[in-house]
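UniProt numbering numbers the first residue of the sequence shown as 1 and each following residue consecutively.
Scroll down for the structure; my scribbles are underneath it.
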Amino acid sequence: MTTKTFFILFFTILTSILRAGQNDWEVELVTLSAETISLSSKYQALNTKDPGFHKTIIRITNLPDAKTYFMRWNRSFFSSSEQHQKFSKKDLFHAAETLGENVAVLVISSRGFLPGEKVYYTLETVGTESKSLQFSFIPQPIVKEVRNGKSKLIGELILLEPARYELDLEGVSSFEKLKLLSRSSEESIEREFVYTKPMRIGITPGVIGKNGGVCNLSLTRQKGDYFTLQLPWGDELLGHLSGETLPTTSSFSPIHRKVSNEK
1 MTTKTFFILF FTILTSILRA GQNDWEVELV TLSAETISLS SKYQALNTKD
51 PGFHKTIIRI TNLPDAKTYF MRWNRSFFSS SEQHQKFSKK DLFHAAETLG
101 ENVAVLVISS RGFLPGEKVY YTLETVGTES KSLQFSFIPQ PIVKEVRNGK
151 SKLIGELILL EPARYELDLE GVSSFEKLKL LSRSSEESIE REFVYTKPMR
201 IGITPGVIGK NGGVCNLSLT RQKGDYFTLQ LPWGDELLGH LSGETLPTTS
251 SFSPIHRKVS NEK
């Protein structure tokens with residue numbers, strides 16, 4: 001192989017690597033509670049819109065070059081629910097500048113989303129070589145923390161009518177004995193069980209003959225500390241769609257997640 005041929009080959013490989021790196025865009029999600037936002041000088045700007053609601057910051061690194069970007073989202077509880085919003089690169093970096101970030105940024109408010117509802121997003125470019133990145137998260141988390149965040153009880157809305165939640169535990173060991181108490185309207189349910197990973201605890205809080213309400217749930221550990229959650233159902237749950245009802249959980253530690261799924 002001649003020296004000239006070697007350099008041509010080296011340059012071709014290097015160019016391919018650089019292009020591949022540019023295509024591997026990545027998203028980092030950070031969901032901040034309403035309380036965290038109100039107490040943070042850095043994130044005060046997030047309260048200029050929808051104060052009292054949680055916000056998810058979507059940081060985008062290695063953003064592909066394009067004139068237009070679309071964010072599409074789908075809510076699985078509602079038929080024909082796909083919605084979208086269009087952005088320019090200027091829009092993305094203006095939001096970043098407001099928050100003191102050095103990468104492209106989108107901000108999603110929890111207002112109008114149901115407690116524990118998982119929403120499916122697609123971020124895509126528009127052009128001859130369109131690219132997309134898919135991810136999901138819960139804009140309005142249901143979280144209770146104890147022991148300074150070392151243990152958590154996390155709720156996800158699985159069904160809308162009748163409402164059903166599934167609860168996950170973090171920081172709790174297998175074979176620990178737990179006591180669950182739920183009160184919804186005039187009904188109370190109490191049971192004890194032994195937790196084993198990766199068990200999910202199912203809760204259907206509705207009461208026959210009632211149009212809606214809030215289930216007050218507590219989960220007590222052998223060590224004495226306990227989690228409490230409020231799980232709305234029926235009319236109280238659907239009331240969050242109007243955007244007039246504040247989140248059921250006001251405070252939790254920032255929730256971080258990275259996504260890399262270039263298509």
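Think of the CB as a built atom: it goes at the ideal place given N, C-alpha and C, for glycine as much as any other residue.
Would you decide whether T194 is buried or exposed? Buried here means 16 or more other CB atoms lie within 10 Å of its CB. Walking along the sequence shown from the start, residue 194 turns up at place 194. Note on residue identity: the sequence assigns Val, not Thr, to residue 194. Classification of V194: exposed, given that the 10 Å Cβ count is below 16.
Between which two residues does the beta strand (DSSP E) carrying E187 extend? Position 187 of the sequence shown, counted from the first residue, corresponds to residue 187. E187 to Y195 is the span of the beta strand (DSSP E), which, as asked, contains E187.
Below 8 Å CB to CB, which residues in the same chain sit around H94 once its five sequence neighbours on both sides are set aside? Locating residue 94 in the sequence shown gives position 94, where the first residue counts as 1. Within the same chain, H94 has no close Cβ partners at all.
Please specify which runs of the alpha helix (DSSP H), each continuous and at least 4 residues long, are wholly inside the region 37-113, giving them in chain order. Counting whole runs of 4 or more residues, the region 37-113 contains the alpha helix (DSSP H) stretches 89-99.
Between which two residues does the alpha helix (DSSP H) containing E236 stretch? Counting from one through the sequence shown, the residue named residue 236 turns up at place 236. Segment D235 to L238, the alpha helix (DSSP H) holding E236.
Quick one: grab the DSSP three-state call for S260. Position 260 of the sequence shown, counted from the start, is the residue given in the question as residue 260. In the structure shown, the three-state DSSP call for S260 is coil.
Quick one: what's R164 bridged to in DSSP? Position 164 of the sequence shown holds residue 164. DSSP lists L159 as partners of R164.
In terms of DSSP beta bridges, what is S184 paired with? Sequence index remark: in the sequence shown, residue 184 carries index 184 (1-based). The partner list for S184 (beta bridge, DSSP) reads E187 and C215.
First and last residue of the beta strand (DSSP E) that includes L32? Start at 1 with the first residue of the sequence shown, and residue 32 comes out as number 32. Note, L32: beta strand (DSSP E), E26 to L32.
Extent of the continuous beta strand (DSSP E) run through K144: Position 144 of the sequence shown, counted from the first residue, corresponds to residue 144. Segment I142 to V146, the beta strand (DSSP E) holding K144.
Give me the Cβ distance between L29 and R257, rounded to the nearest whole Å; I'm assuming they're in contact under 8 Å. To locate residue 29, count along the sequence shown from 1; it is residue 29. To locate residue 257, count along the sequence shown from 1; it is residue 257. 5 Å between Cβ atoms; contact.
Which residues in the same chain have their Cβ closer than 6 Å to the Cβ of K197, if we skip the five residues on either side of it in sequence? The residue labelled residue 197 in the question sits at position 197 within the sequence shown. Hits under 6 Å: S174.
L241 by DSSP, collapsed to three states: which one? Taking the first residue of the sequence shown as position 1, residue 241 is located at position 241. Looking at L241 - three-state DSSP - the assignment turns out to be helix.
Would you mind stating whether Y121 and S136 have Cβ atoms separated by less than 9 Å? Walking along the sequence shown from the start, residue 121 turns up at place 121. Walking along the sequence shown from the start, residue 136 turns up at place 136. Cβ atoms of Y121 and S136: closer than 9 Å.
Where G209 sits in the DSSP three-state scheme: To locate residue 209, count along the sequence shown from 1; it is residue 209. Coil.
Candidates K86, E176, K144 and E170: which alpha carbon is nearest F252's? The sequence position of residue 252 within the sequence shown is 252, counting from 1. Per the Cα distances, K144.
Alpha carbon to alpha carbon, what distance is there between L217 and S185? Along the sequence shown, read from residue 1 onward, the residue named residue 185 stands at position 185. Along the sequence shown, read from residue 1 onward, the residue named residue 217 stands at position 217. Going by the C-alpha atoms only, they are around 12 Å apart.
So what does DSSP say about E35, is it helix, strand or coil? The residue labelled residue 35 in the question sits at position 35 within the sequence shown. DSSP places E35 within a helical segment (H, G or I) once states are collapsed to three.
Please work out which residues of its chain come closer than 6 Å, Cβ to Cβ, to G21, disregarding the five sequence neighbours upstream and downstream, and give them in chain order. The sequence position of residue 21 within the sequence shown is 21, counting from 1. Its pLDDT being 44, under 50, G21 is placed unreliably in this model, and the value from its coordinates should be taken loosely. The beta carbon of G21 sits closer than 6 Å to none of the beta carbons in its chain outside the five residues before and after it.
According to DSSP, S174 sits in a beta bridge with which residue or residues? Numbered from its first residue, the sequence shown carries residue 174 at position 174. The partner list for S174 (beta bridge, DSSP) is empty, contrary to what the question assumes.
Just the Cα atoms here: how many angstroms apart are L39 and G149? Counting from one through the sequence shown, the residue named residue 39 turns up at place 39. Counting from one through the sequence shown, the residue named residue 149 turns up at place 149. Taking the straight line joining both Cα atoms gives about 18 Å.
Starting from the Cα of D65, find the closest Cα among D50, V214 and E129 and give me that residue. Residue mapping note: residue 65 aligns to position 65 of the sequence shown, counting from 1. Ranked by Cα distance from D65, the options D50, V214 and E129 are led by E129.
Span separating the alpha-carbon of L99 from that of E170: Residue 99 sits at position 99 when you count from the first residue of the sequence shown. Residue 170 sits at position 170 when you count from the first residue of the sequence shown. Approximately 31 Å, taken between the alpha carbons.
In whole angstroms, what separates the C-alpha of V107 from that of R72? To locate residue 107, count along the sequence shown from 1; it is residue 107. To locate residue 72, count along the sequence shown from 1; it is residue 72. V107 and R72 have their C-alpha atoms spaced approximately 14 Å apart.
Might you give, ordered along the chain, the residues of its own chain that have their beta carbon closer than 6 Å to the beta carbon of M199, omitting 5 neighbours on each side? Looking up residue 199 in the sequence shown gives position 199. Correct list: empty, nothing qualifies.
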